[in-house]
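A.B. asks:
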Amino acid sequence: MDVIGALMTRCSIRTFGPAPVPAETVGRLLDVLHRSPSAADARPWQFVVVDRRDLLGRLDAAMPKCDMLKTAPLAILVCADPARGKIPGFWPQDCAAATENLLIAVHGLGLGGVWIGLHPVADRERAVREILGVPDGIVPFAMVAIGTPAEQPKLEDRRDPSRVHRNGW
Ligand SMILES: Cc1cc2nc3c(=O)[nH]c(=O)nc-3n(C[C@H](O)[C@H](O)[C@H](O)COP(=O)(O)O)c2cc1C
């Protein structure tokens, strides 16, 4: 799949088959995460791989509307490590860039995934911090549930020329 094809056909997958994600694939996803862009190349992030069913179940139980964790065999938590930032205030953008790269890579490898927003939802951040033992000073930013797609949502045309401005507003 080429890059434009991946970007144009990616969609959120929230129901997964039971197949585990092979360790080699997890390694490739981590490689992609580490290659993400960040302001001043600060890489103000940490990643937590979660593939234990009991932990995924506890995360699902602790966070409303996270049913995707009922069937996902894998989730990768993207945390911010703001102390590693070089230009103050950029870490949310850095972590969002990494999270999006992960989502695209998941799709490009024939898997499915969905972004679960954590920061700045205090209840979700607290639940993830507690269940996964995230230390103080590290911010649980987003979680991506990953697995074999068990649904194929219809892609919609979202083009909206009224949002596009040329050479100024
Ligand atoms: C910052 C952010 C937070 C999100 N949080 C959630 C979430 O908590 N639960 C969920 O089901 N989807 C979540 N999503 C996925 C969006 O709902 C989804 O991207 C959007 O509906 C567009 O659909 P698509 O991903 O299929 O293009 C989130 C996406 C982003 C970018």
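Counting from 2, one number per residue, gives the positions in the sequence shown under my numbering.
C-beta atoms are modelled at their ideal positions from N, C-alpha and C, and glycine is treated no differently.
What you are looking at is a predicted structure, and each value in this text was computed from that prediction instead of being measured.
Quick one, which of 104, 41, 166 has its alpha-carbon nearest residue 114's?
C.D. replies: With distances taken between Cα atoms, residue 114 lies closest to 104.
A.B. asks: Assign residue 96 to one of three DSSP states: helix, strand, or coil.
C.D. replies: Helix, per DSSP.
A.B. asks: Return the chain-ordered list of same chain residues with a C-beta closer than 8 Å to the C-beta of residue 107, the five sequence neighbours on each side being excluded.
C.D. replies: 30, 113, 114, 145, 147, listed in sequence order.
A.B. asks: Locate the beta strand (DSSP E) running through residue 77, then write down its first and last residues.
C.D. replies: Per DSSP, residue 77 belongs to the beta strand (DSSP E) from 75–81.
A.B. asks: Are the CB atoms of residue 154 and residue 67 within a distance shorter than 9 Å?
C.D. replies: Result no, Cβ atoms of residue 67 and residue 154 do not sit closer than 9 Å.
A.B. asks: Please name the residue, chosen from 41, 143, 22, that lies closest to residue 49 on a Cα-to-Cα basis.
C.D. replies: When each option's Cα is compared against that of residue 49, the closest is 143.
A.B. asks: Does ligand 1 have even one heavy atom less than 8 Å from the beta-carbon of residue 116?
C.D. replies: Yes, the beta carbon of residue 116 sits closer than 8 Å to at least one heavy atom of ligand 1.
A.B. asks: What are the residues that DSSP puts in a beta bridge with residue 17?
C.D. replies: According to DSSP, residue 17 bridges with 150.
A.B. asks: For a test of your reading of the model: does the CB of residue 71 fall under 8 Å from any non-hydrogen atom of ligand 1? Yes or no.
C.D. replies: The answer is no for residue 71.
A.B. asks: When the Cα atoms are used, what is the spatial distance from residue 93 to residue 81?
C.D. replies: The alpha-carbon atoms of residue 93 and residue 81 are separated by roughly 7 Å.
A.B. asks: Beta carbon of residue 87: closer than 8 Å to some heavy atom of ligand 1?
C.D. replies: Checking the Cβ of residue 87 against ligand 1 gives no.
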